[in-house]
Amino acid sequence: MGARVGIFYADAYGPSLPTMVSPEHRLLEMNPEKRTIIPIEYLEVKLVSFGFAGQGRVVMRGPMVPEVINQLLTIAKWGELDYLIIDIPPGTGDIPITLCQIVPLTAAVIVTTP
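Quick note: the sequence shown uses the numbering used here, first residue -10, plus one each step.
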């Protein structure tokens, strides 16, 4: 209780996080001059997802996806956080590999289905 938490939803192929928050919290605030993104705050949790970029469905291939994920994660103004939860898509594709290369992980929660 009382922890400062951020969630980075790293699934650029099917970003469903925006469907879980109220409509008034569905667009990221961007500052092009400072090249920063202000995370959405919903129930005191900071949220960043490709789905909040307001681009609709976008087809991305190859090296574009890891670069977009890297930019979203690194230019977001998270502020002071106790925990940053990164939700990655299933599998061993470019997104999980990129995140493991750029983020110093301290713990992992792995969710599977039987």
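Quick reminder that beta carbons are idealized off the backbone N, C-alpha and C, glycines included. If you're wondering where the values come from, they're calculated on a predicted model, not measured in any experiment.
Check: C-beta atoms of isoleucine 29 and phenylalanine 41 nearer than 8 Å; Outcome: yes
Check: Inter-stretch contact at 8 Å, needing at least 3 Cβ pairs: the stretch 13 to 32 / the stretch 54 to 71; Outcome: yes
Check: Rounded Cβ spacing between valine 54 and alanine 1 (contact assumed at less than 8 Å); Outcome: 5 Å
Check: Candidates Leu94, Pro79, Pro85, of which the one nearest threonine 102 by Cα; Outcome: Pro79
Check: Whether isoleucine 74 touches proline 85 by CB criterion (8 Å); Outcome: no
Check: Local conformation of aspartate 76 per DSSP, three classes; Outcome: strand
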